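Beneath this line is the structure, given in structure tokens, with notes to follow.
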Amino acid sequence: MPTASKTAFVADTTLGLSPEEALEKGIHLVPVQVIHGGQSYRDLLEIGPEEVLALLEKGERLSTSQAAPEDLRATYERLLLDHDRVLSVHLSGKLSGTVATAQAVARAYGGRVQVLDSWSLNGGLWLVLEEARRLLQQGVAWERLEAAVAPYRKRVLGYVLPKTLTYLHRSGRIGGIARFVGGLLRILPVLLVREGQVEAGPRVRGFMEGMHKMAELFRKDFPEGALVHLAHAGNPEGARALGELLRAEGVEILSILHAGAAVSVHAGPGTIAFFAGPRR
1 MPTASKTAFV ADTTLGLSPE EALEKGIHLV PVQVIHGGQS YRDLLEIGPE EVLALLEKGE
61 RLSTSQAAPE DLRATYERLL LDHDRVLSVH LSGKLSGTVA TAQAVARAYG GRVQVLDSWS
121 LNGGLWLVLE EARRLLQQGV AWERLEAAVA PYRKRVLGYV LPKTLTYLHR SGRIGGIARF
181 VGGLLRILPV LLVREGQVEA GPRVRGFMEG MHKMAELFRK DFPEGALVHL AHAGNPEGAR
241 ALGELLRAEG VEILSILHAG AAVSVHAGPG TIAFFAGPRR
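The numbering used here numbers the first residue of the sequence shown as 1 and each following residue consecutively.
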């Protein structure tokens, strides 16, 4: 039975940490792709968060795409040289093709690589990965790991507040937004990441009201408290203000992450978010 120490952990760059920061946590990153001007760039390796935000603020059109099969394959092969197993945890398969691509690549390794859909991204992905690591340390069998993680994964929620509707309207990729974007340019949606999908939550008038609404939703969803990762797309002041609201609720903030290319491209610069999961 593999232990966590014999298992390498892989995530994609939507995790919100730099490759160096992730490695300090025992996590190996595989880049998703950022598309600009017909050219594909490997996230965090060939294009950084600041460059993504700067291009968006200049009005450039960007999109994102799944991790490349060759990057996944190279990572698995390198890690299997000195690990028994690889657990590869990725952003929701309902938001990206990365999970399906990773599963296709993993078939070549005869069960030594297991791919887990986090049903989330960014801090939510990290929470699910850490739950999987904890379960392995407790001796959960490799073959039963996904079933063991599933109840926790279902409880992980994300709350996202864009600063403007411009980028949601431009991307057209987030379900439930298009029906009210039209004439409500002064109204912001709180977006909810739940069971792998992004949903349009309550509408608010302005950014400050949005932060208070996020805290209110959190109280309702996690009356007994939770572990939380904050994230932002070039808006550290907004993240700090949101953190103060959550700390007033007795919340333990685990980290403040960069939102990553996927959130930045589709929700826009200035977006703030947090991802919450039950305490263990």
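Here a beta-carbon is modelled for each residue, glycine too, at the ideal position from N, C-alpha and C. As the structure is a computational prediction, the values presented were derived from the model and not from experiment.
Between Leu246 and Val263, the gap from beta carbon to beta carbon reaches 9 Å or more.
The C-alpha of Ala102 is placed about 15 Å away from the C-alpha of Arg85.
The DSSP assignment places complete alpha helix (DSSP H) segments of no fewer than 4 residues inside the segment 95-170 at 98-106, 123-137 and 145-155, in order along the chain. Sequence-distant partners of Glu237 (beyond 5 residues in either direction) whose C-beta falls short of 8 Å from its own C-beta are missing from its chain. Taking all protein chains shown into account, Ala8 has 16 or more neighbouring C-beta atoms within 10 Å of its C-beta and is therefore buried.
Within 10 angstroms of the beta-carbon of Glu131 lie 16 or more other beta-carbons, which makes it buried. Looking only at Asp12, Leu29 and Thr14, the smallest Cα-Cα distance to Glu20 is reached by Leu29. Three or more Cβ pairs closer than 8 Å define a contact, and the segment 192-201 meets that threshold against the segment 150-160. The C-alpha of Gly16 lies about 10 Å from the C-alpha of Leu230. Straight across, the Cα-Cα distance linking Glu51 with Val32 is about 15 Å.
Comparing alpha carbon positions, the residue from Gly97, Asp82 and Val265 closest to Arg170 is Val265. Straight-line spacing of the CA atoms in Leu191 and Gly201 works out to 5 Å.
Exposure of His212 is indicated by the presence of fewer than 16 other C-beta atoms within 10 angstroms of its C-beta. Val128 and Val89 do touch by the CB rule: their CB atoms are close to 6 Å apart, below 8 Å. For Val34, the enclosing beta strand (DSSP E) starts and ends at Gln33 to His36.
Of the candidates His258, Val149 and Thr13, His258 places its Cα closest to the Cα of Arg240. Within a 10 Å sphere around the beta-carbon of Pro49 sit 16 or more other beta-carbons, which makes this residue buried.
Counting along the chain, the unbroken beta strand (DSSP E) around Phe274 starts and ends at Ile272 to Gly277. Within the same chain, Cβ atoms closer than 8 Å to the Cβ of His83 are found at Lys6, Thr7 and Ala8, the five residues on either side in sequence being excluded.
In the structure shown, Val204 falls within a strand segment according to DSSP collapsed to helix, strand and coil. Your pair Ala248 and Leu157 does not check out as a contact, with CB atoms roughly 19 Å apart and the cut at 8 Å. Three or more Cβ pairs closer than 8 Å define a contact, and the segment 113-128 meets that threshold against the segment 93-102. Positions of the alpha helix (DSSP H) runs, each at least 4 residues long and wholly inside the segment 14-69, are given as 19-24 and 49-57 in order along the chain. Taken through DSSP and simplified to helix, strand or coil, Glu195 comes out as coil.
In terms of Cβ geometry, Val160 and Ile27 do not form a close pair [threshold 9 Å]. Going by DSSP, Arg85 is part of the beta strand (DSSP E) stretching over Arg85 to His90. Inter-residue distance for Glu77 and Glu224 is about 42 Å (C-alpha atoms, whole angstroms). Per DSSP, Leu242 is one residue of the alpha helix (DSSP H) stretching across Pro236 to Arg247.
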